[in-house]
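K.L.:
Residue numbers (my numbering): 4 to 381. After the structure tokens below, expect a handful of questions from me.
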């Protein structure tokens, strides 16, 4: 009955309601934006040439989930689009692309080059450069084959029919797009999800940590108001765990619904144990911070730093493998890694048990110290 009253008290808090509404609104927004998702890169292309290589390159630039191509009629309009952030980057192809390919295939320095226009250097620029190379290199590889076969087989003077036969042979050996099938360590297939929605699970993990710290603030607020004077028990740990569990009831439902609605939910056997274990770990961490700091203001000041640090150390957006030793101290890292690797589910369990034991110790230690003082005074 007391827990039902506690849930009623929480539902009256405007900050708690606002915290719960943040995620549904965010998921709806991301889902709506994801319908017209342009991917990681939007690359503008200007190909003025009418030669064979230019036509082949133009045909090879087809949109995929991660990359969208936009063709421009002039280099000036493409440059302006990069400048006003319409494009991630732009490619300006020389008019005589055949000449560039022939020079590259002849091991000579090309007199002209494909110009890549960027606004600022970064990861997207490096990725765009690799994509440009992957589109141009097949053209160079074909010319290398033609040059080699012309010299070694046809004494440097192949006929048009022989050249056409070489090109046809090369094109027939093209790799199929279905050659690669992505899969996780647990043999499950990778679901097609919008690029915008990919970091959603990590964002939800950070949000649950915010919920845990916010619950600690509500606990301290109720403690200052004398709520626990009427709720005394020898099982303080279980009472506090129930308090946090009630506060996490709505966030748990919202998280599961958000994962299902976004399309990144795998299955119940993977998701629910990992989520509940992560929430227990977050609750233990929040309880430990509450016991040690004992101040709402200090908790509030610590929250941004903790969330930023968790976002960096956990594979929410980027996984820094160089910091793997430090990442193991972050519960969100174990949770996000455990969805497709049961090893990290076990490490998350160990993490939760250790934190729980530390919380029980911190709760019991002041009581035992107080009894010692009373015994000595008497």
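Think of the CB as a built atom: it goes at the ideal place given N, C-alpha and C, for glycine as much as any other residue. Being a predicted model, the structure only gives us computed values, none of them experimental.
Taking its Cβ as the centre, do 16 or more other Cβ atoms sit within 10 Å of residue 89, making it buried, or is it exposed?
P.N.:
Result: exposed.
K.L.:
Is it right to say residue 158 is buried, meaning 16 or more other beta carbons lie within 10 angstroms of its own, or is it exposed?
P.N.:
Exposed: under 16 other Cβ atoms inside 10 Å.
K.L.:
Tell me whether residue 304 is buried or exposed, calling it buried when 16 or more other Cβ atoms sit within 10 Å of its Cβ.
P.N.:
With fewer than 16 Cβ atoms within 10 Å of its Cβ, residue 304 is classed as exposed.
K.L.:
Assuming the contact rule is C-beta atoms closer than 8 angstroms, residue 208 and residue 281 should be a hit. Round their C-beta distance to whole Å, please.
P.N.:
About 7 angstroms separates the two Cβ atoms, so the contact holds.
K.L.:
Do residue 206 and residue 306 have their beta-carbon atoms positioned less than 7 angstroms apart in this structure?
P.N.:
No, they are not a contact pair.
K.L.:
Closer than 8 angstroms is the cut-off here; do at least three beta carbon pairs connect the segment 51-59 with the segment 24-38?
P.N.:
No, because fewer than three Cβ pairs between the segment 51-59 and the segment 24-38 fall closer than 8 angstroms, the two stretches do not touch.
K.L.:
Which ranges would you report for the alpha helix (DSSP H) in the segment 282-366 if only whole runs of at least 4 residues count?
P.N.:
Taking only runs of at least 4 residues, the alpha helix (DSSP H) segments lying wholly in the segment 282-366 are 299-316, 327-330 and 334-341.
K.L.:
Contact defined as beta carbons within less than 8 angstroms: I believe residue 366 pairs with residue 200. What is the distance between those atoms, to the nearest angstrom?
P.N.:
Actually they are not in contact, since the Cβ atoms of residue 366 and residue 200 sit about 40 angstroms apart, beyond 8 angstroms.
K.L.:
Output yes or no for whether 7 angstroms exceeds the beta carbon distance between residue 47 and residue 81.
P.N.:
Their beta carbons are under 7 angstroms apart, which means residue 47 touches residue 81 by this criterion.
K.L.:
Quick one, are the C-beta atoms of residue 121 and residue 79 less than 7 angstroms apart?
P.N.:
No, the Cβ-Cβ distance between residue 121 and residue 79 is not below 7 angstroms.
K.L.:
Which class does residue 201 belong to by DSSP, given the choice of helix, strand or coil?
P.N.:
In the structure shown, residue 201 sits in coil (DSSP, three-state: anything other than H, G, I, E or B).
K.L.:
Just to confirm before moving on: does the CB-CB distance between residue 249 and residue 9 stay below 7 angstroms?
P.N.:
For residue 249 and residue 9, yes; Cβs fall inside 7 angstroms.
K.L.:
What ranges does the beta strand (DSSP E) occupy inside the segment 79-155, keeping only unbroken runs of at least 3 residues that lie completely in it?
P.N.:
For the segment 79-155, whole beta strand (DSSP E) runs of length 3 or above, ordered along the chain, are 92-95 and 118-121.
K.L.:
Going by alpha carbons, who is nearest to residue 35 out of 265, 330, 345 and 286?
P.N.:
Among 265, 330, 345 and 286, the Cα nearest to that of residue 35 is on 265.
K.L.:
Out of 112, 204, 359 and 130, which one is the CA nearest neighbour of residue 119?
P.N.:
Residue 130 is the option with its Cα nearest to residue 119.
K.L.:
Is residue 247 closer than 7 angstroms to residue 286 when the C-beta atoms are compared?
P.N.:
A contact, by the Cβ cut-off of 7 angstroms.
K.L.:
On a Cα-Cα basis, can you pick out the residue from 362, 361 and 336 that is closest to residue 350?
P.N.:
Of the candidates 362, 361 and 336, the one whose C-alpha sits nearest the C-alpha of residue 350 is 336.
K.L.:
Can you check whether the CB of residue 202 is closer than 7 angstroms to the CB of residue 70?
P.N.:
No.
K.L.:
In whole angstroms, what separates the C-alpha of residue 346 from that of residue 239?
P.N.:
Straight-line Cα distance between these residues: approximately 32 angstroms.
K.L.:
Taking DSSP as the reference, what is the three-state secondary structure of residue 65?
P.N.:
The answer is coil: DSSP assigns residue 65 none of H, G, I, E or B.
K.L.:
With distances taken Cα to Cα, identify the nearest neighbour of residue 172 among 156, 154, 145 and 162.
P.N.:
Checked all of 156, 154, 145 and 162; the closest Cα to residue 172 is 145.
K.L.:
Quick one: measure Cβ to Cβ for residue 63 and residue 138, integer angstroms, because I've assumed they're closer than 8 angstroms.
P.N.:
Right, the Cβ-Cβ distance comes to about 5 angstroms (below 8 angstroms), so this counts as a contact.
K.L.:
So, under 8 angstroms CB-CB, residue 290 and residue 243 are touching, yes? Tell me the CB distance rounded to an integer number of Å.
P.N.:
Yes, they are in contact, since the Cβ atoms of residue 290 and residue 243 sit about 6 angstroms apart, within 8 angstroms.
K.L.:
Under the rule that 16 or more other beta-carbon atoms within 10 Å means buried, what is residue 326, buried or exposed?
P.N.:
With fewer than 16 other Cβ atoms within 10 Å, it is exposed.
K.L.:
Return the bridge partner residues of residue 228 from the DSSP annotation.
P.N.:
None, per the DSSP bridge assignment.
K.L.:
Would you kindly report the start and end of the unbroken beta strand (DSSP E) that includes residue 72?
P.N.:
Residue 72 -> beta strand (DSSP E) spans 70-74.
K.L.:
Closer than 7 angstroms by C-beta to residue 113: which residues in its own chain qualify, once you throw out the five before and the five after it? Chain order, please.
P.N.:
103, 106 and 107, listed in sequence order.
K.L.:
Could you spell out where the alpha helix (DSSP H) holding residue 264 opens and where it closes?
P.N.:
Per DSSP, residue 264 belongs to the alpha helix (DSSP H) from 252-265.
K.L.:
For chain D, is any of its Cβ atoms less than 7 angstroms away from the one on residue 109?
P.N.:
The chain inventory of the structure shown lacks chain D, comprising one protein chain alone.
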